[in-house]
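Under the numbering used here, the first residue of the sequence shown is numbered 402, with each subsequent residue one higher.
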Amino acid sequence: MTILRTEKQHSTEGRLIEGLRAGGVLRRVSEKELYEQFFYFVMQGVRKYRLSEEECASAYSDTIINVIEGVISQRFEGRSSLKTYAYQIFMNKCVDLVRKNTTHKRMVHDTLQLDPLVMSLPDKARTIVQQLVEKSEKGLLMQKLKELGDKCRELLLLFEDGYNDREIALQMHYQSPEVVKTTRLRCLGRLREKVLGIES
Numbered sequence: 402m403t404i405l406r407t408e409k410q411h412s413t414e415g416r417l418i419e420g421l422r423a424g425g426v427l428r429r430v431s432e433k434e435l436y437e438q439f440f441y442f443v444m445q446g447v448r449k450y451r452l453s454e455e456e457c458a459s460a461y462s463d464t465i466i467n468v469i470e471g472v473i474s475q476r477f478e479g480r481s482s483l484k485t486y487a488y489q490i491f492m493n494k495c496v497d498l499v500r501k502n503t504t505h506k507r508m509v510h511d512t513l514q515l516d517p518l519v520m521s522l523p524d525k526a527r528t529i530v531q532q533l534v535e536k537s538e539k540g541l542l543m544q545k546l547k548e549l550g551d552k553c554r555e556l557l558l559l560f561e562d563g564y565n566d567r568e569i570a571l572q573m574h575y576q577s578p579e580v581v582k583t584t585r586l587r588c589l590g591r592l593r594e595k596v597l598g599i600e601s
């Protein structure tokens, strides 16, 4: 039974690799199949690293992009199975996220030190300081949003305006709402990194 499953997995992976390298419609079909093939990694990442489902989905999307690039450029030489290759990339990305989250928590803690100082100000001064902080944060966010590039910026602004993934897929000509979701999560991850200054 195990031998049969291994042979079937080997055959599926071989077909996927050929499809990815073929280009055109076959590549797009193979990319979609590859994405669905190992999607269960996401929940493994949630359990193993105590990350949110969104964080793991974003890491998974980046993983699939890396796997596709590795297969097409022939960096993936087939010394391990495609599953092992993808799993290693995904786990490394999860570890990176854990490190970034730890750094972020320290930064948040440092920011919280400012709050008692603000609260000790008279009411009017406190309101002015809080408004300045909010304005500064919004300005920084808009600046970093511009740095993401047109596609990410447009997608995130549409989402912010209340459009759902299906509507965005139609408007921006994405293949499906699922592709929009994973792209949005990846864009949000990149935006967060830029705002926190922890880009890899």
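Ideal placement from N, C-alpha and C gives every residue a C-beta, glycine not left out.
Apart from the five residues on each side of it in sequence, which residues of its chain come closer than 6 Å, Cβ to Cβ, to residue i?
i      : result
ILE418 : VAL472
GLY424 : none
I need the straight-line Cα distance from residue i to residue j, nearest angstrom please.
i      : j      : result
LEU483 : GLU434 : 13 Å
GLU432 : GLU579 : 13 Å
SER577 : ARG567 : 7 Å
PHE491 : TYR461 : 6 Å
GLY415 : LEU586 : 30 Å
GLY444 : GLU548 : Per the sequence presented here, residue 444 reads as Met, with Gly not at that position. One C-alpha to the other measures close to 31 Å.
ASN493 : GLY420 : 26 Å
THR464 : ASP562 : 29 Å
SER453 : ALA570 : 24 Å
ARG593 : GLU455 : 13 Å
Do residue i and residue j have their CB atoms nearer than 8 Å?
i      : j      : result
LYS552 : LYS595 : no
SER412 : GLY590 : no
LEU556 : MET543 : no
PHE440 : TYR488 : no
Tell me whether residue i sits in a helix, a strand or coil according to DSSP, three-state version.
i      : result
GLU548 : helix
SER459 : helix
SER453 : coil
PHE439 : coil
I need the boundaries of the alpha helix (DSSP H) containing residue i, first residue and last residue.
i      : result
GLY446 : 442 to 450
ASP562 : It is not in any alpha helix (DSSP H) - ASP562 carries neither H nor E in the DSSP assignment.
GLN475 : Segment: none, GLN475 is in no alpha helix (DSSP H) and carries neither H nor E.
GLN395 : There is simply no residue 395 to check, as the chain begins at 402 and stops at 601 in what is shown.
Beta-carbon within less than 7 Å of residue i's beta-carbon, same chain only, minus the 5 sequence neighbours each way: which residues are those?
i      : result
PHE560 : ILE569 and ARG585
ASN467 : ILE490
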